[in-house]
Amino acid sequence: MLHVLSVIAPMFILLGVGMAAGFAPRFQSAQAGLNAFVFYFSLPAFLFVAVTNAPIRDGVPLAFVWISLGVTAVVFALVHVVAWAIRAASASKAAGLMPGPMAVAATYGNVGYLGVPIVMSVIGHEAALGAALGQLLHNMLFMVGYPLLRSLRGGTPGGTPGDSLDGGGTLRAVGALLWRVAKGALLLNPVVLGVVAGVLVGALGIELPGVVTASISMLGQAAVPAAMFAVGLSIKPALAGMRSGHIPVSAVAIASAVKLGVLPLATFAAVLVFGADLAPQWVGAAVIMAAMPVSSTASIIVFEYDGDVRLVGATTLVTSVVAVVTIPLVLLLLG
């Protein structure tokens, strides 16, 4: 336990420093620029270096893929159905309890900025491929799956929540929507491109010039501290959003409990049942990714398709703080 704490404590200290900096006037406009640096440059470089050094030729266990996607999708669906049933049964329509945002808040984790650094720090470079693939699968599920779901059921990109494809819901329209969403979430995503490039270089045994490797490595070394600092900066806006409007505390508590407790435990149980042959680094990557607090990207997606981000913002704040306690417990569970 002391070893685990010694590994992750510096990360959460950096998160705390970022949170404190967020209250200083000169840093109030710094979050967007720092997030852009991490997302477009540092994190792709970090993952590229990590994946090129990973044992790519050993392959990817299918059990890891199905568990990473399936458990999150099932929990998302259950939360969505329960929230919809409660809202439908309530005469007041359970103000603030929107099924889509509730499900996103309960399942969409900060796998890029938090998950990858923690997996790599705790397990080591042998988990690089699992960390990279885990964050890729998780983000794909939400950045492609949720927009498609909401557009088909009641929200379109750039439109008013409640719009749908009913009027022109042809197969061609669905295909065009899927292509537009997939292009932005996958084909033009710098993190995805960094992972794919790393896989190609590692699998083909390509030797890059030393100056190129050194430059990419130097850029990637900034990913962990910058990402943790950026997560800390995001806490103050989340706190302001929580104070600005009425948010059902019970919904925030339930979503937080599902995200930090139910999802990692369900993933661990799925590993025991369906992934008995998985190597420890794949088990660790799957469970640790599931234990991450809510991603700040969740608010962006929910705002685009549902309009109201108060619940997601509040859950992001609560889970980011509580994760300081729950993540070490999950790591202790993994042994």
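So in numbering that gives the first Met the number 0 the end of the sequence shown lands on 334, straight run, no missing numbers. From the three backbone atoms N, C-alpha and C, an ideal C-beta is built for every residue, glycine too. On a predicted model such as this, the values are computed, not experimentally measured, just so you know.
Under the rule that 16 or more other beta-carbon atoms within 10 Å means buried, what is residue i, buried or exposed?
i: Leu-316; result: buried
i: Gly-157; result: Bear in mind that a pLDDT of 43 at Gly-157, under 50, signals an unreliable position, so the number given afterwards is only what the model happens to contain. With fewer than 16 other Cβ atoms within 10 Å, it is exposed.
i: Phe-336; result: Since the first residue of the chain shown is 0 and the last is 334, residue 336 is not available in this structure.
i: Gln-338; result: Any question about residue 338 goes unanswered here, given that the chain covers just 0 to 334.
i: Ala-126; result: buried
i: Thr-159; result: With a pLDDT of 43 at Thr-159, under the threshold of 50, the modelled position of this residue cannot be trusted; read the value that follows with caution. Under this definition Thr-159 is an exposed residue.
i: Gly-114; result: buried
i: Leu-61; result: exposed
i: Gly-161; result: Caution applies to Gly-161, whose pLDDT of 43 falls short of 50 and renders its modelled position unreliable; the model cannot decide the point.
i: Ser-41; result: buried
i: Arg-309; result: buried
i: Gly-209; result: exposed
i: Val-198; result: buried
i: Arg-149; result: buried
i: Lys-182; result: exposed
Does DSSP put residue i in a helix, a strand or coil?
i: Val-308; result: coil
i: Leu-198; result: First, the amino acid is wrong: residue 198 is Val here, not Leu. Val-198: helix per DSSP, three-state reduction.
i: Gly-353; result: A query on residue 353 cannot be resolved here, the shown segment of the chain reaching from 0 to 334 and no further.
i: Val-59; result: coil
i: Gly-209; result: helix
i: Gly-157; result: Its pLDDT being 43, under 50, Gly-157 is placed unreliably in this model, and the value from its coordinates should be taken loosely. DSSP places Gly-157 in coil when its eight states are reduced to three.
i: Ser-163; result: At Ser-163, the pLDDT of 49 sits below 50, so the modelled position is not reliable; the number obtained from the coordinates is stated separately. Residue state, collapsed to three classes: coil.
Kindly give me the distance between the Cβ atoms of residue i and residue j, rounded to whole angstroms, as I take these residues to be in contact under 8 Å.
i: Gly-231; j: Gly-17; result: 2 Å
i: Ala-229; j: Asn-34; result: 5 Å
i: Leu-96; j: Pro-247; result: 6 Å
i: Ile-300; j: Val-103; result: 7 Å
i: Gly-99; j: Asp-305; result: 5 Å
Would you give the residue range spanned by the alpha helix (DSSP H) that residue i belongs to?
i: Pro-116; result: 115-121
i: Pro-279; result: 279-289
i: Pro-263; result: 262-273
i: Val-50; result: 42-51
i: Asn-34; result: 30-36
i: Phe-228; result: 222-232
i: Pro-100; result: 98-106
i: Ser-255; result: 248-256
i: Leu-135; result: 127-139
To which residues of the same chain is residue i closer than 6 Å at the C-beta, ignoring the five residues directly before and after it?
i: Ala-131; result: Leu-46, Val-50, Val-194
i: Pro-292; result: Asn-109, Thr-318, Ser-319, Ala-322
i: Pro-189; result: Tyr-39, Pro-43
i: Ala-226; result: Val-37, Tyr-112
i: Thr-266; result: Val-70, Ala-285, Val-286, Ala-289
i: Gly-129; result: Gln-280, Trp-281, Ala-284
i: Val-329; result: Pro-263, Ala-290
Just to confirm my understanding: we take residue i, look at its own chain, exclude 5 residues before and 5 after, and list those with CB closer than 8 Å. What are they?
i: Leu-192; result: Pro-43
i: Gly-334; result: none
Is there a Cβ of chain C sitting closer than 8 Å to that of residue i, yes or no?
i: Gly-32; result: Among the chains in the structure shown there is no chain C, since it carries only a single protein chain.
Considering only residues of the same chain and omitting the five flanking positions on each side of residue i, which have a CB-CB separation below 7 Å?
i: Pro-9; result: none
i: Leu-238; result: Leu-316
i: Leu-218; result: Phe-40, Ser-41, Ala-44
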